[in-house]
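*Asks:* I am attaching a structure below and will ask some questions about it afterwards.
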Amino acid sequence: MKFILFAACFLVIRISFAQAQKESAEEKYRTEISKISGNSAIKAAFAEIDRLNPQTIGELITLTEIPAPPFMESVRGIKYKQMLEDVGGVKVWIDSIGNVLALRKGKVGNRLVAIDGHLDTVFPEGTDVTVKQRGDTLFAPGIGDNTRGLMVLLTVLRAKEKSQIQTNDDILFVATMGEEGNGDLRGVKYLFENNEVKIDSWISIDSDGTGGISKQGTGSIRYKVTVLGPGGHSWGDFGLVNPHHALGKMINYFSDNAAQFSVVAKTKTSFNVGKIGGGTSVNSIPFESWMEVNMRSEDDESLKKMDSIFNASMQKGLEEYNSNRKTSPALTVKIDQIGFRPSGVTSTETSLVQRSTASIQSFGIKPTLFIMSGNANWPISKGIPAVTLGWGGKSDKAHSLDEWWLDDKGTDAIKLALLTLISEAGFIK
Ligand SMILES: [Zn+2]
């Protein structure tokens, strides 16, 4: 079955909790979080997070300057593995797809709570990833998304170990491969498709700021479409089938029909032809013409409909072109699915959503709900509770060369990640 999705791990919609959801966690969970926050071990961990802050920022720079282009994130992974090992107290390994994992055993160990940040960036090989400081602001591609997420995980682990916090459940710290773009969530997919670990609850640290919570993933489907013909000389072989001309017709049908559907779809549903290529010279009839297409929706039904519009448009455009041709052979088309992310929602009632919300509130911050597409999509689609939380501080321009991050109360996000993680894993002391 051809199916969908892509994901810049980026926020699609932000809605005030007050408008769309309960503004607050249930009292039971607020009480639980308040009790845990008051514990001396947690207070010690918070103090440790503050004390570690210069190191956290120093190592954010170190990691950011290790390039992690799509499908080439292993070098950063090896460095991160060493950082985890240096903390001690955890079993650290790299799985066969390249995810870096650190397992901290709990006292009972019946459940496993995972917290993740992704290793890869969207930036191609050769991108200058040197961190430049102007005033208090750090500029570098990938410094926020998601190198800062990786540092949140590491500092949570360090503070937890230093203050000897114990939990009932096992905790897994994961630096994942291939979250971005054509990586197509391959790290998280591997974790859930293989039986090396069995995860019961998932926390992604992969959005800007502090106080945001995503419990819903937008679904997406991506395709690469390649139209193929014999190719030839634009003058000498004039009359031969032309893949570019056919692809233009196919795009035209898709763009018109998809635009009509997007305004009546049940939830926001988008489509985009993002890349087009092929051809050798202006006076050659190309032997191929290709494009990459992305469709997204907040609900699966709309995504499936958009997908069927896409496939029908490809077929119709090509058939129409071929039926009008003057020569043989006809053009053919190859449609490869290059990405699929299912949509889904973690129920507000789950302890994970409640504890995340209560943890945010415990810092006097009003939780902000957003919908995104990222690693959490995969566990959500499997019915496993998952949320995405912020990496803290201020940041902007993710996925651009001008990306920046500023340490404005950055430690709050680390503390609330720790609080959410520890409470979800069954805090003992
Ligand atoms: Zn990300």
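FYI, the numbering for the sequence shown is -20 to -1, 1 to 409, going by mature numbering (1 follows the signal peptide of the UniProt record, and there is no 0). All C-beta atoms, glycine included, are put in the ideal place defined by N, C-alpha and C.
#1: How would you call ALA378, buried or exposed, if buried means at least 16 neighbouring beta carbons within 10 angstroms?
#2: According to the Cβ coordinates, are GLY354 and ASP186 closer than 8 Å?
#3: For ALA356 and GLY372, which I take to be in contact (beta-carbon distance under 8 Å), what is that distance rounded to the nearest angstrom?
#4: Flag this pair as yes or no: are the beta carbons of SER368 and TRP270 separated by less than 8 Å?
#5: So for GLN144, helix, strand or coil by DSSP?
#6: To the nearest angstrom, how far is it from the Cα of LEU283 to the Cα of LEU349?
#7: For THR156, which beta-bridge partners are listed by DSSP?
#8: Quick check on DSSP: helix, strand or coil for LEU311?
#9: Apart from the five residues on each side of it in sequence, which residues of its chain come closer than 8 Å, Cβ to Cβ, to GLY370?
#10: Taking the beta carbon of MET52 as the centre, do at least 16 other beta carbons fall within 10 Å, making it buried, or is it exposed?
#11: On the criterion of 16 or more Cβ atoms from any shown chain inside 10 Å, does ARG114 qualify as buried, or is it exposed?
#12: Using the three-state DSSP reduction, which class does GLU299 fall into: helix, strand or coil?
#13: Does the segment 250 to 266 touch the segment 298 to 305, meaning 3 or more C-beta pairs lie closer than 8 Å?
#14: Hey, is GLY197 close to ligand 1, as in C-beta under 7 Å from one of its heavy atoms?
#15: Drop a sphere of 10 angstroms on the beta-carbon of GLY363, count the other beta-carbons inside from all chains shown, and report buried for 16 or more, exposed for fewer.
#16: For GLY69, collect the residues of the same chain with a Cβ closer than 6 Å to its Cβ; drop the 5 residues on either side in sequence, then sort them by chain order.
#17: Buried or exposed: GLN196, going by 16 or more other Cβ atoms within 10 Å of its Cβ?
#18: Could you tell me whether any non-hydrogen atom of ligand 1 is closer than 7 Å to the CB of GLY354?
#19: Checking 8 Å against the spacing of the C-beta atoms, do THR127 and THR44 come in under that value?
#20: Can you tell me the Cα-Cα spacing of TYR9 and ILE77, whole angstroms?
#21: Is any non-hydrogen atom of ligand 1 found closer than 7 Å to the C-beta of HIS98, if you look at the structure I gave you?
#22: Could you check how far apart the C-beta atoms of ARG321 and VAL273 are, in whole angstroms? I think they sit under 8 Å.
#23: Look at LEU253 and ILE289 and say whether their C-beta atoms are less than 8 Å apart.
#24: Let's see if you can read the secondary structure: which residues bound the beta strand (DSSP E) around MET275?
#25: Give the straight-line distance between the Cα atoms of ASN174 and SER20, rounded to the nearest whole angstrom.
#26: Report the option in THR110, ASP116, GLN317 whose CA atom is closest to the CA atom of ASP164.
#27: Any contact between the segment 142 to 158 and the segment 52 to 64? By contact I mean 3 or more CB pairs, one from each, below 8 Å.
#28: Whole angstroms is fine: what's the gap from SER181's alpha carbon to VAL333's?
#29: Under the assumption that residue 414 contacts PHE234 (Cβ atoms under 8 Å), give the Cβ distance between them as a whole number of angstroms.
#30: In whole angstroms, give me the CA-to-CA distance for ALA397 and ALA139.
#31: Mark LYS112 as exposed unless 16 or more other C-beta atoms lie within 10 angstroms of its C-beta, in which case mark it buried.
#32: Assign GLN341 to one of two classes, buried (16 or more other C-beta atoms within 10 Å of its C-beta) or exposed (fewer than that).
#33: Determine whether the beta carbon atoms of SER403 and GLU28 lie at a separation below 8 Å.
#34: Consult DSSP for LEU137 and reduce its assignment to one of helix, strand or coil.
#35: Check whether the Cβ of ASP188 lies closer than 7 Å to any heavy atom of ligand 1, and answer yes or no.
#36: I'd like the list of long-range same chain contacts for GLN1, defined as Cβ closer than 7 Å, with 5 residues on each side in sequence excluded.
*Replies:* Checking against the coordinates, here is how it stands:
#1: The residue labelled residue 378 in the question sits at position 398 within the sequence shown. When all chains shown are included, ALA378 counts as buried.
#2: Residue numbering aside, residue 354 sits at position 374 when the sequence shown is read from its first letter. Residue numbering aside, residue 186 sits at position 206 when the sequence shown is read from its first letter. Yes; because the gap between Cβ atoms is below 8 Å, this pair is in contact.
#3: Within the sequence shown, the letter at position 376 stands for residue 356. Within the sequence shown, the letter at position 392 stands for residue 372. By a beta-carbon distance limit of 8 Å, ALA356 does not contact GLY372. Their separation comes to about 18 Å.
#4: To locate residue 368, count along the sequence shown from 1; it is residue 388. To locate residue 270, count along the sequence shown from 1; it is residue 290. Ser is not the amino acid found at residue 368; the sequence shown has Thr there. For THR368 and TRP270, no; Cβs fall outside 8 Å.
#5: By one-based count along the sequence shown, residue 144 stands at place 164. Three-state result, GLN144: coil.
#6: As a first step, residue 283 is located in the sequence shown; it is residue number 303 there, counting from the start. As a first step, residue 349 is located in the sequence shown; it is residue number 369 there, counting from the start. Between LEU283 and LEU349, the C-alpha separation is close to 22 Å.
#7: In the sequence shown, residue 156 corresponds to position 176, counting from 1. For THR156, the pairing in a beta bridge is given by DSSP as HIS98.
#8: As a first step, residue 311 is located in the sequence shown; it is residue number 331 there, counting from the start. In the structure shown, the three-state DSSP call for LEU311 is coil.
#9: As a position in the sequence shown, residue 370 is number 390, starting the count at 1. Counting only Cβ-Cβ distances below 8 Å, and skipping sequence neighbours, we find ILE185, SER187, ASP188, GLY189, THR190, GLY191, GLY192, ALA393.
#10: By one-based count along the sequence shown, residue 52 stands at place 72. Burial call: exposed.
#11: Locating residue 114 in the sequence shown gives position 134, counting from the first residue. When all chains shown are included, ARG114 counts as exposed.
#12: Sequence index remark: in the sequence shown, residue 299 carries index 319 (1-based). DSSP places GLU299 within a helical segment (H, G or I) once states are collapsed to three.
#13: Not touching, per the Cβ criterion.
#14: As a first step, residue 197 is located in the sequence shown; it is residue number 217 there, counting from the start. GLY197: no, Cβ never under 7 Å from ligand 1.
#15: For the purposes of this step, residue 363 is identified with residue 383 of the sequence shown, where counting begins at 1. With fewer than 16 other Cβ atoms inside 10 Å of its own Cβ, GLY363 counts as exposed.
#16: On the sequence shown, position 89 is the one that residue 69 refers to. Cβ neighbours of GLY69 beyond the five flanking positions: GLU141.
#17: Locating residue 196 in the sequence shown gives position 216, counting from the first residue. Counting every other CB atom within 10 Å of its CB across the protein chains shown gives GLN196 a total of 16 or more, marking it as buried.
#18: As a first step, residue 354 must be located in the sequence shown, where it is residue number 374. Yes; taking the cut-off as 7 Å, the Cβ of GLY354 has a heavy atom of ligand 1 nearer than that.
#19: Counting from one through the sequence shown, the residue named residue 127 turns up at place 147. Counting from one through the sequence shown, the residue named residue 44 turns up at place 64. Yes.
#20: On the sequence shown, residue 9 is found 29 positions in, with the first residue counted as 1. On the sequence shown, residue 77 is found 97 positions in, with the first residue counted as 1. About 37 Å.
#21: Along the sequence shown, read from residue 1 onward, the residue named residue 98 stands at position 118. Yes, ligand 1 has a heavy atom inside 7 Å of this Cβ.
#22: By 1-based counting over the sequence shown, the position of residue 321 is 341. By 1-based counting over the sequence shown, the position of residue 273 is 293. Wrong, their Cβ atoms sit about 14 Å apart, outside the cutoff.
#23: Here residue 253 refers to the residue found at position 273 of the sequence shown. Here residue 289 refers to the residue found at position 309 of the sequence shown. Checking the sequence, you will find Val at residue 253 rather than Leu. It is not a contact, given that the beta carbons lie outside the stated cut-off.
#24: One-based indexing of the sequence shown puts residue 275 at position 295. Looking at the DSSP string, the run of the beta strand (DSSP E) that includes MET275 is 268 to 277.
#25: Translated into positions along the sequence shown, residue 174 becomes position 194. Translated into positions along the sequence shown, residue 20 becomes position 40. Approximately 38 Å, taken between the alpha carbons.
#26: Within the sequence shown, the letter at position 184 stands for residue 164. Nearest Cα to ASP164 within the set THR110, ASP116, GLN317: GLN317.
#27: They touch, by the three-pair rule.
#28: Along the sequence shown, read from residue 1 onward, the residue named residue 181 stands at position 201. Along the sequence shown, read from residue 1 onward, the residue named residue 333 stands at position 353. If you take the alpha carbons of SER181 and VAL333, they lie about 10 Å apart.
#29: For the chain, the structure presents residues -20 to 409; residue 414 sits outside this window and is missing.
#30: The residue labelled residue 397 in the question sits at position 417 within the sequence shown. The residue labelled residue 139 in the question sits at position 159 within the sequence shown. Spanning the two alpha carbons is a distance of roughly 12 Å.
#31: As a working mapping, residue 112 is identified with position 132 in the sequence shown. With fewer than 16 neighbouring CB atoms inside 10 Å of its own CB, LYS112 falls in the exposed class.
#32: Here residue 341 refers to the residue found at position 361 when the sequence shown is read from its first residue. Buried, since its Cβ has 16 or more Cβ neighbours within 10 Å.
#33: As a position in the sequence shown, residue 403 is number 423, starting the count at 1. As a position in the sequence shown, residue 28 is number 48, starting the count at 1. No; because the gap between Cβ atoms is not below 8 Å, this pair is not in contact.
#34: Numbered from 1 along the sequence shown, position 157 holds the residue referred to as residue 137. Reduced to three states, the DSSP call for LEU137 is helix.
#35: One-based indexing of the sequence shown puts residue 188 at position 208. Because no heavy atom of ligand 1 lies under 7 Å away, the Cβ of ASP188 does not count as near it: no.
#36: In the sequence shown, residue 1 corresponds to position 21, counting from 1. Model confidence at GLN1 stands at a pLDDT of 49, short of 50, so the residue's coordinates are unreliable; what they give is reported in the following sentence. Beyond the five residues adjoining it in sequence on each side, GLN1 comes within less than 7 Å, by CB distance, of THR328, LEU349 in the same chain, given in chain order.
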